[in-house]
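Input: a single structure, listed below in structure tokens.
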Amino acid sequence: MMRFDDLFLKGLDTLAGQGRLRSCRDWRAEGGAFLRQGADGASAVDFSSNDYLGLRTHPLLAERGAEWGRLFGSGSGASRLVTGSMPATRGLENRLAALKGMQAARIFSSGWQANASIVPALASLSRQVTGAPATVLADRLMHASLYQGCAAAGIRPVRFRHNDMEHLRAVLEQAEGPGLRLILTESVFSMDGDRADLETLHALARQYNAFLCVDEAHATGILGAQGKGLVAGRADLVVGTFSKGLGSMGAFVAASDAVCRWLENAASGFVFSTAPSPLVLGAVDAALDLLPGMDNSRAHVAELADLFRQRMTEQGLDVGPSSTQIVPVIVGREQDALALARAVEQAGFLAVAIRPPTVPPGACRLRVVLHAHHTHEQVEALATAIIQASRSLPHD
Numbered sequence: 002m003m004r005f006d007d008l009f010l011k012g013l014d015t016l017a018g019q020g021r022l023r024s025c026r027d028w029r030a031e032g033g034a035f036l037r038q039g040a041d042g043a044s045a046v047d048f049s050s051n052d053y054l055g056l057r058t059h060p061l062l063a064e065r066g067a068e069w070g071r072l073f074g075s076g077s078g079a080s081r082l083v084t085g086s087m088p089a090t091r092g093l094e095n096r097l098a099a100l101k102g103m104q105a106a107r108i109f110s111s112g113w114q115a116n117a118s119i120v121p122a123l124a125s126l127s128r129q130v131t132g133a134p135a136t137v138l139a140d141r142l143m144h145a146s147l148y149q150g151c152a153a154a155g156i157r158p159v160r161f162r163h164n165d166m167e168h169l170r171a172v173l174e175q176a177e178g179p180g181l182r183l184i185l186t187e188s189v190f191s192m193d194g195d196r197a198d199l200e201t202l203h204a205l206a207r208q209y210n211a212f213l214c215v216d217e218a219h220a221t222g223i224l225g226a227q228g229k230g231l232v233a234g235r236a237d238l239v240v241g242t243f244s245k246g247l248g249s250m251g252a253f254v255a256a257s258d259a260v261c262r263w264l265e266n267a268a269s270g271f272v273f274s275t276a277p278s279p280l281v282l283g284a285v286d287a288a289l290d291l292l293p294g295m296d297n298s299r300a301h302v303a304e305l306a307d308l309f310r311q312r313m314t315e316q317g318l319d320v321g322p323s324s325t326q327i328v329p330v331i332v333g334r335e336q337d338a339l340a341l342a343r344a345v346e347q348a349g350f351l352a353v354a355i356r357p358p359t360v361p362p363g364a365c366r367l368r369v370v371l372h373a374h375h376t377h378e379q380v381e382a383l384a385t386a387i388i389q390a391s392r393s394l395p396h397d
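Have a look at this one:
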């Protein structure tokens, strides 16, 4: 009889040979900065997490989370359709809807779960009401969770070239039929740090009677007026997360009341999943209290990102189309990205190498993320470390 572990070990060996083997590592917080344990036991300043505003160690989030835990318990017990909703949860959803300028919102346990659930839910509406399948038009660089939603719905999306609005127009003109037309995109793309053309997306959605869904995971809290994100009413449905700019975990969908009521009945991640813990939701409630007063932090992050991009481009390093707090340093091969990450870590910084399947082959990179707790001195030191290490990489 075959030992199944042998199959898995061979698979792991294959990943290692491709430079794609990953493993989880320990981290710790120290003095308000985010540090992770290096390979030699030394700590490195974190330039990889998505805690853009540094809220995950803010005392108010911990206090509010504990308060909600004392009031409502450590867990929700079941799906909200089984055990009902706390008034506090309804109140939080109203706050989230207002944050995105929408009528209503529904909370999910994760951003992946929300994205993977909404596409099948909207596709089922198309089949049930119009009698025809939905057509999904997807930015080719949208998040894997949205592609997972398409797969779960049994839909092969029509992909348009990244941020190419004329290509989207062309595929919209060809997407005829009575079924619902869905446009899926992100407002900030997580690997390149660039922004969607939301004005044109909104105009095309209106012109071609398409339903526009925008994932605001990497804009919520950190971009837009008072951290409200970039959509500003230019979408039919918005997905936001708590796990990035809001310093907690979980996600939400904001849309019209009718859309949210449909998702409450048809989105599998809402219907069949235990609702998030009150401990988590209390922390989110506190983060929403803090957001309006964090303009200086958001401006600081933007300034640091501009500084880092400038230092990279001055040395001829490729930062792609980044215009946000996410700045890739694109080097190409897996081995080069790993070598650069190791050298940077030895200098005291963590900037993780991103490799396929997260990015296409030949587009491996360090994904550098700027946070509100970073200093100008840290960013200058990181830039210097990357520049020095990059000089030892092979150049084609």
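Numbering (my numbering), first residue to last: 2 to 397. All C-beta atoms, glycine included, are put in the ideal place defined by N, C-alpha and C. Just so you know, these numbers come straight off a predicted model, no measurement behind them.
- By DSSP's assignment, P329 forms a beta bridge with R368.
- Annotated three-state conformation of T221 is coil, per DSSP.
- Within the DSSP secondary-structure output, D319 pairs in a beta bridge with I331.
- Contact between the region 309 to 324 and the region 11 to 26 is absent, with fewer than three C-beta pairs closer than 8 Å.
- Beta-bridge partners of A105 (DSSP): A256.
- Shown here, L292 sits in a helix according to DSSP, grouped into three states.
- Relative to V215, the option among R366, Q326, N116 whose CA is nearest is N116.
- Burial is judged here by how many other beta carbons sit within 10 angstroms of a residue's own beta carbon; L181 has at least 16 and is buried.
- Per DSSP, reduced to three states, the secondary structure at L394 is coil, with no helix or strand assignment.
- The Cβ atoms of V345 and A386 sit closer than 7 Å to each other.
- Spanning the alpha carbons of L213 and I119 requires a straight line of approximately 12 Å.
- Annotation for L264: R107, S118, I119, A122, V254, A256, F271 place their beta carbon closer than 8 Å to its own, counting only its chain and skipping 5 residues before and after.
- Separation of the CB atoms of G66 and A284 is rounded to 4 Å, and the pair is thereby assigned contact status at 8 Å.
- Residue environment for P88: exposed (fewer than 16 other C-beta atoms within 10 angstroms of its C-beta).
- Collapsing the DSSP output to three states places I388 in a helix.
- Within the same chain, Cβ atoms closer than 6 Å to the Cβ of I327 are found at G194, V370, the five residues on either side in sequence being excluded.
- E68 and L202 have their C-alpha atoms some 42 Å from each other.
- Between T242 and A226, the C-beta spacing is not below 7 Å.
- Following the DSSP letters along the chain, one finds G241 inside the beta strand (DSSP E) bounded by residues 238 to 242.
- The count of Cβ pairs closer than 8 Å, one atom from the region 128 to 145 and one from the region 160 to 174, reaches three, so the stretches are in contact.
- The beta carbons of L199 and M166 sit about 11 Å from each other, so the pair does not count as a contact at 8 Å.
- Secondary structure note for C214: its beta strand (DSSP E) is the uninterrupted segment 212 to 216.
- By the neighbour-count criterion, in which a residue is buried when 16 or more other Cβ atoms sit within 10 angstroms of its Cβ, Q311 is exposed.
- Looking at the backbone, the Cα of A390 and that of A342 are separated by about 9 Å.
- DSSP places I156 outside both helix and strand once states are collapsed to three, so it counts as coil.
- Per the C-alpha coordinates, the member of H377, V332, H372 positioned closest to I355 is V332.
- With contacts defined as CB atoms closer than 7 Å, A99 and D258 fail to qualify as a contacting pair.
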